[in-house]
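Worksheet: the structure to be examined is printed underneath.
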Amino acid sequence: MRAVLLSIGRRVRRFPSVSATVGVGLVALIMTAAGLGEVARIGVTVFVIGIAALQLWQMVRQFRGGHWGLDVLSVLAIASTVAVGEYWAALVVALMITGGGALESYASARARSQMDALMQRTPRVAHRVDDSGTVSDIEVDAVMVGDVLLVKPGEMVPVDGELIDGPAEFDQSSITGESLPVELTTGATAPSGSVNGDRAIRLRAVSIAGDSQYQLIVALVADAASTKARFVRIADRVSIPFTGVALGLAALGWALSGDPVRAAEVLVAATPCPLLIAAPVAFVAGMGNAARNGVIIKSGDSLEALAHPRTVTFDKTGTLTGGAPRVERIDPVAGTTVAQVLSLAAGAEALSPHVLARAVVDAAAEAGIAGDDLTEVREQPGAGVLADRAGEAVRVGKPAFVLDGRQDPFPLLPLGDTAIAVSLAGIIIGRIVLRDQIRPEARGVVAGLRALGVPRIAMLTGDAERTAFHVAEQLGIDEVHADLLPADKVRIVAAAPERPVVMVGDGVNDAPVLAAADVGVAMGARGATAASESADVVILLDNLDRLDVAIAIARRTMRIATQSIWIGIGLSLALMLAATTGVVPAIVGALAQEVIDVVTILNGLRAMRNPR
Ligand code: ADP
Ligand code: MG
């Protein structure tokens, strides 16, 4: 009993205007029962006029801000019911106005619950092991790069760390959506947010908390959830005609009956809630569901565009081809050695975020070869790296870029292999051959897009035509643009006639083209890359099949949002029509309209669940 009272107390404090409305209603009921009907009538009338005035004031403010809302209907509903003396109905409309906010905050809290759960799990403490082996608990923010941290069984990894005593299993579902545990070996990096298996392990911190995976993802999600999304598009389209119809029916009812009460009966049945609350709730719920599935959708606009893309373009390297290409072999020219080629290349690629660069650096580390010390290292996006070694120019990258017009000394590679050429002082010293395999899921994803009815699917790549066509052919992509510079990709995407355009990139050197697309999708578990900031959608799991999942979720969310709106408007119209003929008393109409609100909002919450 006490608990119930306390929880009621909390709600009263949180929603004072709703409580006031209910309180006024109760007092008025009691007074009416006690024979003080006249006093109750005056009290209720004054109260609802106050509510209507407040609402009107807000409306004027919004109108000044360039928004024309549906609230005019609720103000008219109160004004007309008061005018004809239907003060109980007026009170129910006041309840709808004040309760709308409460209902909205309940529904959006529910809709956001998945995102909130993600944020609340952020690790706060780390167990630091000092040189003598003593373990002490410190704040996560106090962890420094190089600290050795103990992670107990079942605990969350606090910051990105290199595994010291592997192998160990981690559950990475909270950061990538991947439900199977991942086994990491000694030296591999466990991202923060992954959950340790059943054995205590030690890690060496490689990032501070602010730069760690989980914290970056949480920041992304928090950003997405707080951008007051502009779901108003559908609402805007519908609100003026809806208001017009409601006013028309009210006038018709009045004309037919010769009684202004009829007009009030029509107006109380016109409810704007489905438009104003149900659709936004569906959007937030859909975004929360996507996050749970490893996809961060940053805004309502992106979600809407993602639901029905007319063009989908893919970057090739790192997006359609494997996330982890491997160095197959190294071909030095006569007079140089494998080690010379590899150390020069590794020196140049050390700081490049490109997927192929990482493969080269890894291969050198595995072979125990240190990268050369280079100066003036600059990346030429979509081509390779330029640098300087003791006054001699170094180039590492795609053959066309490194050869710079000269004859290639090497024979053509079989299809499926990729070469990185290496030159020193303008002379080719060797090439690195990599196998950059097509992602196993890519073919299915392209087929899935066709099944969803996407009319245009294209590949945009900086790679040479021969490789590009080979990959495209295996994936069933019939439109290929090869040998592109980043600026060419932007031009093609910006000029695409069939919109919205979705561009899927690996999120490393694709920032400009991701920003140019209507929906830029950044792939890969590295939620933190520069491109993720220019992307509208970030796929946390390193798996292309999330694209289809994201589109399916966006579609279902849009369907539910639109459905909520039309159910609400349909029921409301039916109620108004009935009221026009005079069969719905004002109080019944006002209560029925309240039921319509709840139904449409609950329907909107369905977007939290996965599509089949
Ligand atoms: P895509 O458009 O297919 O993703 P990119 O634009 O990333 O390809 O790069 C185009 C080509 O340039 C790649 O296929 C690769 O051969 C080469 N390349 C780009 N950057 C680098 C780099 N840092 N190291 C080696 N090769 C690179
Ligand atoms: Mg790429």
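Under our numbering, the first residue of the sequence shown is numbered 82, with each subsequent residue one higher.
For each residue, glycine too, the CB sits at the ideal point set by N, CA and C.
Across the structure, Ala-549 and Ile-508 are spaced so that their CA atoms are roughly 27 Å apart.
The three-state reading of DSSP puts Thr-324 in helix, counting H, G and I together. Shown here for Thr-179: same chain residues with a beta carbon closer than 6 Å to its own, the five before and five after excluded, namely Ser-98, Val-99, Thr-102 in chain order.
With a cutoff of 7 Å, Val-477 counts as near the ligand ADP, since its C-beta is closer than that to a heavy atom of the ligand.
Minimum Cα-Cα distance from Asp-564 among the listed residues Ala-545, Val-362, Ile-648 corresponds to Ala-545. Taking 7 Å as the cut-off, the C-beta of Asn-590 counts as close to a heavy atom of the ligand MG. The three-state reading of DSSP puts Val-552 in helix, counting H, G and I together. Judged by beta-carbon spacing, Met-689 lies within the 8 Å limit of Ala-192, meaning their Cβ atoms are closer than that value. Closest option to Ser-186, judged by alpha-carbon separation, among Ser-433, Leu-357, Thr-662: Leu-357.
Within its own chain, the residues whose Cβ lies closer than 7 Å to the Cβ of Ala-431, once the five positions on either side in sequence are excluded, are Val-442, Gly-452, listed in chain order. Counting along the chain, Glu-447 sits inside the alpha helix (DSSP H) bounded by residues 436–447.
With the criterion CB distance below 5 Å from any heavy atom of the ligand MG, the matching residues run Asp-396, Thr-398, Gly-399, Asp-587 along the chain. For Leu-628, the enclosing alpha helix (DSSP H) covers residues 626–661. DSSP links Pro-355 through a beta bridge to no other residue. Contact between Leu-157 and Leu-337 is absent: CB atoms are separated by about 19 Å, not below the 8 Å threshold. In terms of side-chain proximity, the C-beta atom of Asp-544 is found nearer than 7 Å to a non-hydrogen atom of the ligand ADP.
Counted as a single uninterrupted DSSP element, the beta strand (DSSP E) harbouring Thr-394 occupies residues 392–396.
In terms of CA proximity to Pro-204, Ser-293 leads the group Val-422, Ser-293, Asn-590, Val-226. With 16 or more other CB atoms across the displayed protein chains lying within 10 angstroms of its CB, Glu-460 is buried. DSSP places Glu-522 in no alpha helix (DSSP H); its state is neither H nor E.
Following the DSSP letters along the chain, one finds Leu-425 inside the alpha helix (DSSP H) bounded by residues 419–430. In this structure the region 267–281 does not lie against the region 572–582, because fewer than three pairs of beta carbons, one per stretch, are closer than 8 Å. Set against 7 Å, the gap from the CB of Thr-499 to the closest heavy atom of the ligand ADP is smaller.
For Ala-438, the CB falls within less than 7 Å of some heavy atom of the ligand ADP. Looking at the DSSP output, Met-200 sits in no beta bridge, so it has no partner there. Between Gly-329 and Ala-660, the C-beta gap is not smaller than 8 Å, which leaves the two residues out of contact. Within 10 angstroms of the beta-carbon of Glu-385 lie 16 or more other beta-carbons, which makes it buried.
Burial state of Leu-230 is buried, judged by a 10 Å Cβ sphere holding 16 or more other Cβ atoms.
In the structure shown, Asp-412 falls within a strand segment according to DSSP collapsed to helix, strand and coil. The alpha-carbon separation between Gly-235 and Ala-188 amounts to approximately 33 Å.
Taking the Cα of Gly-416 as reference, the smallest distance to any Cα among Phe-482, Phe-323, Gly-511, Ala-440 is reached at Gly-511. Secondary structure of Met-225 (DSSP, three-state): coil. As the crow flies, the alpha-carbon of Ala-598 is around 26 Å from that of Asn-691.
The C-beta of Lys-397 has 16 or more other C-beta atoms within 10 Å across all chains shown, which makes the residue buried.
Within the same chain, and ignoring the five residues on either side of Ala-635 in sequence, the residues whose Cβ sits closer than 6 Å to its Cβ are Leu-384, Leu-387, Ala-388. The beta carbon of Glu-473 lies closer than 6 Å to those of Leu-505, Ala-506 in the same chain, with the five residues before and after it left out.
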